[in-house]
Structures are given as C-alpha cells and as structure tokens.
Amino acid sequence: DAKTTQPTSMDCAEGRAANLPCNHSTISGNEYVYWYRQIHSQGPQYIIHGLKNNETNEMASLIITEDRKSSTLILPHATLRDTAVYYCIVLLSYNTDKLIFGTGTRLQVFP
Amino acid sequence: EAGVTQFPSHSVIEKGQTVTLRCDPISGHDNLYWYRRVMGKEIKFLLHFVKESKQDESGMPNNRFLAERTGGTYSTLKVQPAELEDSGVYFCASSQAQGQGVSPLHFGNGTRLTVT
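Line order of the protein sequences matches chains A and B. By my numbering, the letter at position 103 of the first sequence is numbered 103, and the numbering carries on one by one without gaps. By my numbering, the letter at position 11 of the second sequence is numbered 1011, and the numbering carries on one by one without gaps.
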C-alpha cells in the first residue's frame, strides 16, 4: 500500500505555478520523498527527491515541512507539456524498497 | 546518453500464445526493474535485477512470467501462455549501482501488450 495520499486531480493555468501537495504522515526518519510523473503514453519520469531540506532543480522545487509529514511539489511556470499524473513516493532505498506508485494526482494545465 | 529502450512498443497476441518483451537499460546501469500497469490499475512492481541476478521477484504474478538478464545487459520478460488479464503496459527501468546513493530510476516508454 502507498504510504502517501494525494489529491486525485488538480488544474493549473499555463504560466502559473502548480503546487501539488502530498501527505506522508507515517514517514520514518531515513525515508526520502520522491516525485515522479507520467505523461500520457510515456514511462514514468523522475522529477526530484528530498530528505529534510527543500530542494530545487531545473524541473521543480520540493518543499518538505519541518515535521516531514507532508510536502509540496512546485512547478514554477507550468506549461501544457506538464499535464501528467504526478506521483509522490516515500522510499528508504532502492536497494530495499520498491517504488509504490499509488494513484497520484492528475494535473491538467490549461491555456 | 541513450535512454532505456523497450521493444516492441506494441504487441497484440491471442490468448495462449507466447510473447517476449525486451528491455535495453542505459549502458552501465546495474539495476534493472520491470513494472506493469494493468488497465485501470496502478503501476506495480514485478522484479528487480542487479546485474544478472534477481534481487527481488516478489511482484511476479505467477509462473507464466519468466524474466532473464543473461550477461547483465539487456533483459527479456516472457509471458507463456498469455492470458487476457496480462494485457497492460509493461515498463522497464534502470539505475546505477546504489551503494549509499539514491540514484533514481530511468524508465522506458513501455510495451503495450494486448491479449485477445
């Protein structure tokens, strides 16, 4: 079973920031928060991950609350190509854990 | 670098036939995974290779599924005999050796299998 809960769907206007929340209240101290997305007809794509600190890369920013029980993925300037299903996944290690995708959040970016 | 490639992209077979899916991971990636999404369901783990060894095959649904990775390079997933419920999209992913790292998975675009 997924260790995370996400809204089923969200909308965002093109050019605006998309903020995708994720709850992971049972996360343990050494578990990472990962975000992947799946654009239609493609395989899942890694976006970003974090442990305690906020993270930023060329794709997105990840904000993790101080108690680590929730996080938010931020796409600063959403484009139509960002329309996808976004998965928040908690993982200790790829050596020991499997990616559990859950149902994710379907983000629709509209013009 | 070339990404994870899967072949074929689509396959339509009849119930009872055999199908073999192939995955070529990113060069140098020791870890290779198979996942699948059955229609209307979530993406589920099937198995994990480290080089040529099966690290975890707990997600393989039954003995009609056989995965191999001879030589630790490309991998094949054979379904024999195929059943209707095997229809879905089969994804392959690879990653570098882990050690203390958290190297993310790189996925291919999948093989869409339809069993009629």
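Don't be surprised by glycine CBs; every beta carbon is placed ideally from N, CA and C. Please read all numbers here as calculations on a predicted model, not as lab measurements.
Cβ pair residue 1010 of chain B, residue 1031 of chain B closer than 8 Å:
no
So which residues of chain A does residue 1188 of chain B contact, with C-beta pairs closer than 9 Å?
Absent from the model: residue 1188 of chain B. The displayed extent of chain B is 1001 to 1116, so no value can be given.
Around the Cβ of residue 1004 of chain B, are there at least 16 other Cβ atoms within 10 angstroms (buried) or fewer (exposed)?
buried
Assuming contact is defined by CB atoms lying nearer than 8 Å, are residue 1029 of chain B and residue 1080 of chain B in contact in what I supplied?
no
Given a cut-off of 8 Å on the beta-carbon distance, is the pair residue 19 of chain A and residue 4 of chain A in contact?
no
Is it a yes or a no for the segment 49-63 of chain A touching the segment 71-91 of chain A, going by three-plus beta-carbon pairs under 8 Å?
yes
Identify whether residue 1070 of chain B lies in helix, strand or coil by the three-state DSSP scheme.
helix
Contact set between the segment 1010-1030 of chain B and chain A, restricted to residues whose Cβ is under 7 Å from the partner
In summary, no residue of the segment 1010-1030 of chain B has a CB separated from any CB of chain A by less than 7 Å.
So is residue 1105 of chain B buried or exposed if we call it buried at 16+ other beta carbons inside 10 Å?
buried
Where residue 1108 of chain B falls, given that 16 or more other Cβ within 10 Å makes a residue buried:
buried
Residue 46 of chain A CB to nearest chain B CB: under 8 Å?
yes
Per DSSP, which one or two residues make a beta bridge with residue 1005 of chain B?
B:1024
Can you tell me whether residue 55 of chain A is helix, strand or coil according to DSSP?
strand
Which of the three DSSP states is assigned to residue 1036 of chain B in this structure?
The answer is strand: DSSP assigns residue 1036 of chain B an E or B state.
The beta strand (DSSP E) with residue 1078 of chain B in it runs from where to where?
Note, residue 1078 of chain B: beta strand (DSSP E), 1075-1079.
What first and last residue would you give for the beta strand (DSSP E) that runs through residue 1010 of chain B?
It spans 1010-1013 - the beta strand (DSSP E) in which residue 1010 of chain B sits, taken as one unbroken run.
Could you please tell me which residues of the segment 1034-1047 of chain B, in chain order, have their CB closer than 9 Å to any CB of chain E?
The displayed structure is made up of protein chains A and B, and chain E is not among them.
Mind pulling the chain B residues with CB within less than 9 Å of residue 99 of chain A?
1033, 1035, 1043, 1045, 1093 and 1105
Against chain B, does residue 43 of chain A count as a neighbour if the rule is that its beta carbon must be under 8 Å from one of theirs?
Flagged as an interface residue toward chain B: residue 43 of chain A, by a C-beta distance shorter than 8 Å.
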